[in-house]
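Chemist: From first to last, the protein sequence lines are chains A and S.
Count along the first sequence from 1, add 1067, and you get the number used in our numbering.
Count along the second sequence from 1, add 1067, and you get the number used in our numbering.
Input: one structure, supplied below.
Protein chains: 2
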Amino acid sequence: MNSDKIPDIIIGRLPIYLRALQRMADSGLKTTSSQELGELVGVSAAQIRKDISQFGEFGKQGTGYSITYLLEKLREILKVNRIWDVALIGAGDMGHALANYQGFANRGFKIVMVFDSDKEKIGQKIGDFTIEDVAHIVEKIKAADVKIAMLTVPASAAQNVTEKLVQAGIKGILNYAPITLNMPNHVKVQYIDPVTHLQRMTYYL
Amino acid sequence: MNSDKIPDIIIGRLPIYLRALQRMADSGLKTTSSQELGELVGVSAAQIRKDISQFGEFGKQGTGYSITYLLEKLREILKVNRIWDVALIGAGDMGHALANYQGFANRGFKIVMVFDSDKEKIGQKIGDFTIEDVAHIVEKIKAADVKIAMLTVPASAAQNVTEKLVQAGIKGILNYAPITLNMPNHVKVQYIDPVTHLQRMTYYL
Chain A
1068 MNSDKIPDII IGRLPIYLRA LQRMADSGLK TTSSQELGEL VGVSAAQIRK DISQFGEFGK
1128 QGTGYSITYL LEKLREILKV NRIWDVALIG AGDMGHALAN YQGFANRGFK IVMVFDSDKE
1188 KIGQKIGDFT IEDVAHIVEK IKAADVKIAM LTVPASAAQN VTEKLVQAGI KGILNYAPIT
1248 LNMPNHVKVQ YIDPVTHLQR MTYYL
Chain S
1068 MNSDKIPDII IGRLPIYLRA LQRMADSGLK TTSSQELGEL VGVSAAQIRK DISQFGEFGK
1128 QGTGYSITYL LEKLREILKV NRIWDVALIG AGDMGHALAN YQGFANRGFK IVMVFDSDKE
1188 KIGQKIGDFT IEDVAHIVEK IKAADVKIAM LTVPASAAQN VTEKLVQAGI KGILNYAPIT
1248 LNMPNHVKVQ YIDPVTHLQR MTYYL
């Protein structure tokens, strides 16, 4: 396995496979096939076999995949066979929704700190967390050795906060602010903007 | 222009260009270059020229692009030179965040109805809307001729609601439920699941 060579588009499908396999496991299934998994996630069986074979031989011809084993392998590949602490920056409506989101449990992530710049919000509770002053973000994140951040600040503040996150040693940012961030190559970013997703659909309507 | 032939990956970049051009326009800029736009969105100048040229000749060599003209053309291509009414299904934390989200304005979308199945929520207000009973979703959406839906229901309810949305004539679904939906080919879907985005980054850490 040479992870440098695996196209990002394949990496992007693995979390979808993982999610579907987890649902199969939750419903008591023990084995699956590339056909069955493919139908669940809307990808061809051949593509699934090809994607998974990039990382080794995880299935047996004729008997399919052990769900538990494949889950374990995918978690290992995606490095979510551990819990990543996450810093949430922005305690607005979206920040609240994420702080209360139940979907992180058992999927590798846990919010451990929440920041905002609004003096009225600092010190208030959001879910289980006390909102901290974004002015202290660099030292707090460094001290806690957090590597992942979710950004739900307004677009106008996002680049400035990003620079502090990079300075604090953050290596991955999930950005909800509707703006493309400028950051060093060694920091990964993923974007969630409902409007760009909607516009991608209306093209076809 | 033959829209059938344009790869989906290009379509996926157009909303990002549109967003960046809108920010340029908001800050008073009149013209831009593929170089400048590329730096803002993290795409090479050559790729931008190639993407945009799929739809015609919108820039002049040496003088670059008129921002207003390119905005107008991109809105036309993405069919967001109009306002699409959107039905929101699920009035939980994420539904609240979306109902209150200011980022839809001037970008082509407007939430016009909100549904939930929880008897305690039905009749309550969320932002400017009264939450309606999901039991009436098919007739309400048909009557209002809404074509786009955002789904923020639990994963366990998502497939069932999707079938009702398809029946109601919905043509595009933005799905926040952490599950792959099974639906007819003529209905478009886009997925927003923070965990799959996070897992796509941890692979590289």
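Just so you know, even glycine gets a beta-carbon here, dropped at the ideal spot from N, CA and C.
The structure displayed is predicted, hence computed values, not measured ones.
Which same chain residues, not among the five before or five after Gly1194 of chain S, have their C-beta less than 6 angstroms away from its C-beta?
Modeler: Working through the second sequence from its first residue, we reach residue 1194 of chain S at position 127. If we look at Gly1194 of chain S and ignore the five residues flanking it on each side, its Cβ neighbours are Ala1166, Asn1167.
Chemist: So is Ile1078 of chain A in contact with chain S if we call contact Cβ pairs under 7 angstroms?
Modeler: Reading the first sequence from its first residue, position 11 is the one you call residue 1078 of chain A. Closer than 7 angstroms: yes.
Chemist: With distances taken Cα to Cα, identify the nearest neighbour of Val1220 of chain A among A:Val1110, A:Met1161, A:Thr1130.
Modeler: Translated into the one-based positions of the first sequence, residue 1220 of chain A becomes position 153. Residue A:Met1161 is the option with its Cα nearest to Val1220 of chain A.
Chemist: From the beta carbon of Asp1028 of chain A, is the nearest beta carbon of chain S less than 7 angstroms away?
Modeler: This structure cannot settle anything about residue 1028 of chain A, because the visible part of chain A is limited to 1068 through 1272.
Chemist: For Ser1111 of chain A, which of helix, strand or coil comes out of DSSP?
Modeler: Taking the first residue of the first sequence as position 1, residue 1111 of chain A is located at position 44. Coil at Ser1111 of chain A, not helix or strand.
Chemist: Between Leu1137 of chain A and chain S, is any beta-carbon pair separated by less than 7 angstroms?
Modeler: Working through the first sequence from its first residue, we reach residue 1137 of chain A at position 70. It does not; no Cβ of chain S falls within 7 angstroms.
Chemist: Which residues in the same chain as Ala1087 of chain S place their Cβ atom closer than 7 angstroms to its Cβ, once the five residues preceding and following it in sequence are excluded?
Modeler: Indexing the second sequence from 1 puts residue 1087 of chain S at position 20. So the list reads Leu1104, Leu1107, Val1108, once near-sequence residues are dropped.
Chemist: Do you know whose CA, among S:Val1153, S:Ala1172, S:Gln1169, S:Phe1176, lies nearest Phe1182 of chain S's CA?
Modeler: Position 115 of the second sequence, counted from the first residue, corresponds to residue 1182 of chain S. When only C-alpha atoms are compared, the closest one is S:Val1153.
Chemist: Establish whether the CB of Pro1251 of chain S and some CB of chain A are separated by less than 7 angstroms.
Modeler: As a position in the second sequence, residue 1251 of chain S is number 184, starting the count at 1. Not closer than 7 angstroms to any Cβ of chain A, the Cβ of Pro1251 of chain S fails to qualify, so no.
Chemist: Express the C-alpha separation of Lys1255 of chain A and Leu1085 of chain S in angstroms, rounding to a whole number.
Modeler: Taking the second sequence and counting its residues from 1, one reaches residue 1085 of chain S at position 18. Taking the first sequence and counting its residues from 1, one reaches residue 1255 of chain A at position 188. About 23 angstroms.
Chemist: Using the Cβ count rule (16 or more neighbours within 10 Å means buried), how would you classify Gly1190 of chain A?
Modeler: The residue you call residue 1190 of chain A lines up with position 123 of the first sequence. With fewer than 16 other Cβ atoms within 10 Å, it is exposed.
Chemist: Quick one, which residues of the stretch 1163-1184 of chain A are near chain S if we go by CB-CB under 8 angstroms, in chain order?
Modeler: Listed by position along the chain: His1163, Ala1164, Leu1165, Asn1167, Tyr1168, Gly1170, Phe1171, Arg1174, Gly1175, Phe1176.
Chemist: Leaving out the 5 sequence neighbours to the left and right, which residues in its chain are closer than 7 angstroms to Asn1069 of chain A when beta-carbon positions are compared?
Modeler: Within the first sequence, the letter at position 2 stands for residue 1069 of chain A. Any reading at Asn1069 of chain A must be qualified, since the residue scores a pLDDT of 48, below 50, and its modelled position is unreliable; no value is offered.
Chemist: For Glu1199 of chain S, list the residues DSSP reports as bridge partners.
Modeler: Position 132 of the second sequence holds residue 1199 of chain S. BP columns for Glu1199 of chain S point to S:Phe1182.
Chemist: Please say whether Leu1081 of chain A and Leu1138 of chain A have beta carbons closer to each other than 7 angstroms?
Modeler: As a first step, residue 1138 of chain A must be located in the first sequence, where it is residue number 71. As a first step, residue 1081 of chain A must be located in the first sequence, where it is residue number 14. No; because the gap between Cβ atoms is not below 7 angstroms, this pair is not in contact.
Chemist: Per DSSP, what kind of secondary structure is Leu1145 of chain A in: helix, strand or coil?
Modeler: Working through the first sequence from its first residue, we reach residue 1145 of chain A at position 78. Correct three-state label for Leu1145 of chain A: coil.
Chemist: Quick check on Met1250 of chain A: does DSSP put it in helix, strand or coil?
Modeler: As a position in the first sequence, residue 1250 of chain A is number 183, starting the count at 1. The answer is coil: DSSP assigns Met1250 of chain A none of H, G, I, E or B.
Chemist: Pull up the distance between the alpha-carbon of Ala1092 of chain A and that of Ile1215 of chain A, whole angstroms please.
Modeler: Within the first sequence, the letter at position 25 stands for residue 1092 of chain A. Within the first sequence, the letter at position 148 stands for residue 1215 of chain A. Ala1092 of chain A and Ile1215 of chain A: Cα-Cα distance of roughly 27 angstroms.
Chemist: When the Cα of His1051 of chain A is compared with those of A:Val1228, A:Arg1174, A:Lys1238, A:Ile1073, which residue comes out closest?
Modeler: Nothing about residue 1051 of chain A can be reported from this structure: the residues present for chain A run from 1068 to 1272 only.
Chemist: Taking CB distances under 7 angstroms as the criterion, tell me whether Arg1142 of chain S reaches chain A.
Modeler: Position 75 of the second sequence holds residue 1142 of chain S. Chain A, which has no Cβ nearer than 7 angstroms to the Cβ of Arg1142 of chain S, makes this no.
Chemist: For Asp1200 of chain S, which of S:Val1213, S:Met1180, S:Ala1210, S:Met1268 has the nearest alpha-carbon?
Modeler: Looking up residue 1200 of chain S in the second sequence gives position 133. For Asp1200 of chain S, the nearest C-alpha among the options comes from S:Met1180.
Chemist: His1163 of chain S: buried (16+ other C-beta within 10 angstroms of its C-beta) or exposed?
Modeler: Taking the first residue of the second sequence as 1, we reach residue 1163 of chain S at position 96. Its Cβ being crowded by 16 or more others within 10 Å, His1163 of chain S is buried.
Chemist: Check each candidate in A:Gly1175, A:Ala1225, A:Gly1170, A:Lys1207 and name the one with the smallest Cα separation from Pro1245 of chain S.
Modeler: Here residue 1245 of chain S is taken as the residue at index 178 of the second sequence, counted from 1. Checking every option, the nearest Cα to that of Pro1245 of chain S belongs to A:Gly1170.
Chemist: For Gln1257 of chain S, would you say it is in contact with chain A, using Cβ-to-Cβ distances shorter than 7 angstroms as the test?
Modeler: By 1-based counting over the second sequence, the position of residue 1257 of chain S is 190. It does; some Cβ of chain A falls within 7 angstroms.
Chemist: Taking only beta-carbon atoms, is Tyr1084 of chain A less than 7 angstroms away from chain S?
Modeler: Sequence index remark: in the first sequence, residue 1084 of chain A carries index 17 (1-based). Closer than 7 angstroms: no.
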